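I have placed the structure first, in the form of structure tokens, so that the comments after it can refer back to it.
Number of protein chains: 2
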Amino acid sequence: MIRSFYPPQRTLMGPGPSDVSPRVLAALSRPTIGHLDPQFIVLMDEIKSLLQYAFQTENELTLPISAPGSAGMESCFVNLLEPGETVIVCQNGVFGGRMKENVERCGARAVMVEDEWGTAVDVDKVAAAFKANPQASVLAFVHAETSTGVVSDASALCQLARDNNALSIVDTVTSVGGIEVNVDAWAADAVYSGTQKCLSCIPGISPVTFGPRAVARINDRQHKAQSWFLDMQLVMAYWGGGSKRAYHHTAPVNDLYALHESLLMLQEEGLENAWQRHELHHQALVAGLEAMGLSMLVDRAYRLPQLNLVSIPEGADDASVRQALLADFNLEIGAGLGALAGKAWRIGLMGYACNQQNVILCLTALESVLSCCGAKINTGVAVTAAKSLY
Amino acid sequence: MIRSFYPPQRTLMGPGPSDVSPRVLAALSRPTIGHLDPQFIVLMDEIKSLLQYAFQTENELTLPISAPGSAGMESCFVNLLEPGETVIVCQNGVFGGRMKENVERCGARAVMVEDEWGTAVDVDKVAAAFKANPQASVLAFVHAETSTGVVSDASALCQLARDNNALSIVDTVTSVGGIEVNVDAWAADAVYSGTQKCLSCIPGISPVTFGPRAVARINDRQHKAQSWFLDMQLVMAYWGGGSKRAYHHTAPVNDLYALHESLLMLQEEGLENAWQRHELHHQALVAGLEAMGLSMLVDRAYRLPQLNLVSIPEGADDASVRQALLADFNLEIGAGLGALAGKAWRIGLMGYACNQQNVILCLTALESVLSCCGAKINTGVAVTAAKSLY
Numbered sequence: 000m001i002r003s004f005y006p007p008q009r010t011l012m013g014p015g016p017s018d019v020s021p022r023v024l025a026a027l028s029r030p031t032i033g034h035l036d037p038q039f040i041v042l043m044d045e046i047k048s049l050l051q052y053a054f055q056t057e058n059e060l061t062l063p064i065s066a067p068g069s070a071g072m073e074s075c076f077v078n079l080l081e082p083g084e085t086v087i088v089c090q091n092g093v094f095g096g097r098m099k100e101n102v103e104r105c106g107a108r109a110v111m112v113e114d115e116w117g118t119a120v121d122v123d124k125v126a127a128a129f130k131a132n133p134q135a136s137v138l139a140f141v142h143a144e145t146s147t148g149v150v151s152d153a154s155a156l157c158q159l160a161r162d163n164n165a166l167s168i169v170d171t172v173t174s175v176g177g178i179e180v181n182v183d184a185w186a187a188d189a190v191y192s193g194t195q196k197c198l199s200c201i202p203g204i205s206p207v208t209f210g211p212r213a214v215a216r217i218n219d220r221q222h223k224a225q226s227w228f229l230d231m232q233l234v235m236a237y238w239g240g241g242s243k244r245a246y247h248h249t250a251p252v253n254d255l256y257a258l259h260e261s262l263l264m265l266q267e268e269g270l271e272n273a274w275q276r277h278e279l280h281h282q283a284l285v286a287g288l289e290a291m292g293l294s295m296l297v298d299r300a301y302r303l304p305q306l307n308l309v310s311i312p313e314g315a316d317d318a319s320v321r322q323a324l325l326a327d328f329n330l331e332i333g334a335g336l337g338a339l340a341g342k343a344w345r346i347g348l349m350g351y352a353c354n355q356q357n358v359i360l361c362l363t364a365l366e367s368v369l370s371c372c373g374a375k376i377n378t379g380v381a382v383t384a385a386k387s388l389y
Numbered sequence: 000m001i002r003s004f005y006p007p008q009r010t011l012m013g014p015g016p017s018d019v020s021p022r023v024l025a026a027l028s029r030p031t032i033g034h035l036d037p038q039f040i041v042l043m044d045e046i047k048s049l050l051q052y053a054f055q056t057e058n059e060l061t062l063p064i065s066a067p068g069s070a071g072m073e074s075c076f077v078n079l080l081e082p083g084e085t086v087i088v089c090q091n092g093v094f095g096g097r098m099k100e101n102v103e104r105c106g107a108r109a110v111m112v113e114d115e116w117g118t119a120v121d122v123d124k125v126a127a128a129f130k131a132n133p134q135a136s137v138l139a140f141v142h143a144e145t146s147t148g149v150v151s152d153a154s155a156l157c158q159l160a161r162d163n164n165a166l167s168i169v170d171t172v173t174s175v176g177g178i179e180v181n182v183d184a185w186a187a188d189a190v191y192s193g194t195q196k197c198l199s200c201i202p203g204i205s206p207v208t209f210g211p212r213a214v215a216r217i218n219d220r221q222h223k224a225q226s227w228f229l230d231m232q233l234v235m236a237y238w239g240g241g242s243k244r245a246y247h248h249t250a251p252v253n254d255l256y257a258l259h260e261s262l263l264m265l266q267e268e269g270l271e272n273a274w275q276r277h278e279l280h281h282q283a284l285v286a287g288l289e290a291m292g293l294s295m296l297v298d299r300a301y302r303l304p305q306l307n308l309v310s311i312p313e314g315a316d317d318a319s320v321r322q323a324l325l326a327d328f329n330l331e332i333g334a335g336l337g338a339l340a341g342k343a344w345r346i347g348l349m350g351y352a353c354n355q356q357n358v359i360l361c362l363t364a365l366e367s368v369l370s371c372c373g374a375k376i377n378t379g380v381a382v383t384a385a386k387s388l389y
């Protein structure tokens, strides 16, 4: 017998989805209107403008794809690539591997530049890959790797792409709203993000932005994009058409109410303030974790504040600890992914969930659970260490 | 200066989205939990079971695609087709044309069987197309054409596909919950639907179901599906894996709360009762429209109860009438699409919006607006005619 579903009230400190603001949930559940309603057109224009702010871009072609980040990624590849092209793909975690899949399914060839998981993309290696593959037409990389908690130098990588007459495709799923993303300053060509990380919005939508060089490439295509749903030539006609919108697909109306509200909250706080808030609580969390005797997996130089990789201490069973956190504290932290499965936890401090109360909850809960399972940690010091940062 | 968005409270009697039940909106805004949370796994299993009920199928591979109906359509084509195959595509409205786009973008060849917009797919023509193209491996058609308000004989068409050793791809976006859809009785192979029509759920999700022959085709593919996001081999591992779910993409958690609630409402009412309700209010609406002197565009034999095509009467300006309905009554009806643009309105009676109050509102509002603009109609009789059916 199936009944209405009432989810538990979790605190989401994993790699995303992160806690959604009550303001966003309230917006989400407002009455549905038609996707061609004049009021909805106003909303779409505002979302576009708010996304331009979040991405720091004046790109006209800036809009939310009606599907999760994976579809946002795919929208960049299927629109920019044609069969037979060569793409340099940087892989320092799970999502570089997914980019390779996308390249190959477009009938293009992926030249992989691999770096150890937990380290940043090595710009010199990418330069060497361009030397060895002068025909490469696209460089694809992840700005903030959700699987490892690492930030790479997007500005240098985009510059390298331009120097080699290639377009850049940049994954900013975990970065937008948490650390600086400056699409225009980077001169990045195609950039996608997600809503369920530092934007504190529900999962399911992927903001994207395409610069003038990318738009030219899209308009000059020899073959139609292989995806009808993600074909930007068609999507543009709906999102870009002013009052003369051409129907493409039915927009996810309520999800866009939520995105609008979350972007508005980001604008109200201000990008710089949001970045500083992520940095502050990250410092406090790390101080607490280190005081407890745990060690951070990622070097300070390229550590993401919004996603903290901490090594699983001796004596602690990965799954049991996460289960206890969920059962006793309603607290979700993330497991390691891929090469880091069983070796590290991923503790998110994203968007609305990035606050002092959550830092203290996480440290207290982790100390309690690790003590119970007999892991060797220092007790009674973590919260004090964290609070010294406030 | 952008502020929080408060949509007007419309009555949605267009081709979808339709009015979303308050129960569904309440479910939508419950707190977000992780997409790998044990509680979420329970929800996923329940959704699968509720979708099997809605589709009337025991297909194991029954799940919601995390994107709108267009992506559900694309998921069927990219998973079943390989380059060079021949597909018979029936076109009697907009969505057959979209199927053709999908076929061609998969590198396959579309053999079109065209019928006049506003009429059903001609089964004999399809049989002839199979005779002329014995190599055809797939037959694709729309069960309920959203652009014309026409139902086609899905049972006969699926049988024809099987007789010719081809798989069937069936669009049931507008039919599920409004008229009978019986995937197992039809022995349909790949079927997709939408949430924003007779399920009274928000737009943005596309339920799909794949039968055993389709699954065998997916597992025997020579080439990977061209879409990573929609690759059922990967999606299956997340949705089908019992407690061992493999992460594929972040599920649209809150949207799935909403889908769960809307499917539960359908189960509580019962499929047969839901179909009867659609039929009853359709009869009442038609009685009212005809009493007013308006004429239905689609022959009674293949008229959809949930989507009513009515010819625009002489003296009435299409856009002005719809604008007045929206401005004065907060009532949305749909414009004609494609070949029917400017010739017909599409009046939806879908799911939660399919009730006596809406029938009366629509007739009253239409009479008021048409009288004001000087169209020749009979006044003062429509509501009485409609009420005679209750």
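Order-wise, the sequence lines are chains A and B.
Each residue of the first sequence is one higher than the one before, starting from 0 at the first, in numbering that gives the first Met the number 0.
Each residue of the second sequence is one higher than the one before, starting from 0 at the first, in numbering that gives the first Met the number 0.
Ideal Cβ positions, reconstructed from N, Cα and C, are used throughout, including at glycine.
Bear in mind that the values here come from a model prediction, so they are computed numbers and not experimental data.
Check                                                                                                                        : Outcome
Within chain A, the residues that B:P80 reaches when beta carbons sit closer than 8 Å                                        : In the sequence as displayed, the identity of residue 80 of chain B is Leu instead of Pro. Near B:L80 there are no residues of chain A at all, since even the closest Cβ is about 12 Å away, more than 8 Å.
Neighbour flag for B:P304 against chain A, beta carbons, 9 Å                                                                 : no
Segment limits, alpha helix (DSSP H) that includes A:T363                                                                    : Q355 to C371
With 16 other Cβ atoms within 10 Å as the buried cut-off, status of B:D188                                                   : buried
Which listed residue (A:M349, A:A290 and A:D327) has its alpha carbon closest to that of A:L265                              : A:M349
Three-way DSSP call (helix, strand, coil) for A:L415 in this model                                                           : Given a span of 0 to 389 for chain A in the structure shown, any question on residue 415 of chain A remains unanswerable.
Min CB distance A:S3 to chain B below 9 Å                                                                                    : yes
Where A:R97 meets chain B, residues with beta-carbon distance less than 8 Å                                                  : W227
Within chain A, partners of B:T31 - CB distance below 9 Å                                                                    : P6, R9, L11, P16, S17, D18, V19, L24, Q195, I201 and P202
Cβ pair count under 8 Å reaching 3, the stretch 149-158 of chain A against the stretch 287-303 of chain A                    : yes
Coarse secondary structure for A:S48, derived from DSSP in three states                                                      : helix
Within chain B, the residues that A:K223 reaches when beta carbons sit closer than 9 Å                                       : E100, E103 and R104
A:H259 at chain B interface by Cβ criterion, 9 Å                                                                             : yes
Extent of the continuous alpha helix (DSSP H) to which A:M264 belongs                                                        : V252 to E268
Segment limits, alpha helix (DSSP H) that includes B:A155                                                                    : A153 to D162
Alpha-carbon spacing of A:A167 relative to B:F228, whole angstroms                                                           : For clarity, residue 167 of chain A is Ser in the given sequence; the question names Ala instead. Roughly 21 Å between the two C-alpha positions.
Residues near A:L324 by beta carbon distance below 8 Å, same chain, minus five either side                                   : L330, E331, I332, A364, L365 and V368
B:R2 burial status per 10 Å Cβ neighbour count (16 or more: buried)                                                          : exposed
Where A:V252 meets chain B, residues with beta-carbon distance less than 7 Å                                                 : P16, I201 and P202
Spatial distance of A:L360 from A:G193 (CA atoms)                                                                            : 26 Å
Proximal chain B residues relative to A:S69, where beta-carbon distance stays under 9 Å                                      : S65, W227, F228, H247, H248 and T249
Given B:C372 as reference, the closest of B:A318, B:Y351 and B:L198 once Cα atoms are compared                               : B:A318
Any C-beta of chain C under 9 Å from that of A:P37                                                                           : This model lacks chain C altogether; the protein chains it does include are A and B.
Residue-chain proximity (B:H142, chain A), Cβ-Cβ < 9 Å                                                                       : no
Span separating the alpha-carbon of A:R276 from that of A:R220                                                               : 43 Å
CA-to-CA distance, A:M72 to A:M98, given in whole angstroms                                                                  : 8 Å
DSSP state of A:V86 mapped onto helix, strand, coil                                                                          : strand
Continuous beta strand (DSSP E) stretch holding B:I64: start and end                                                         : L60 to I64
A:V207 burial status per 10 Å Cβ neighbour count (16 or more: buried)                                                        : buried
Closer than 9 Å to chain B by CB, A:E45                                                                                      : yes
Delimiting residues of the alpha helix (DSSP H) encompassing B:G68                                                           : G68 to L79
Any 3 or more C-beta pairs closer than 8 Å across the stretch 115-130 of chain A and the stretch 158-175 of chain A          : yes
Chain-order list of residues whose beta-carbon lies under 7 Å from that of B:A273 (same chain, five-residue window excluded) : G176 and L265
Closest residue to B:G341 among B:R9, B:A186, B:R321 and B:E57 (Cα-Cα distance)                                              : B:R321
Where the beta strand (DSSP E) containing B:N307 begins and where it ends                                                    : L306 to S310
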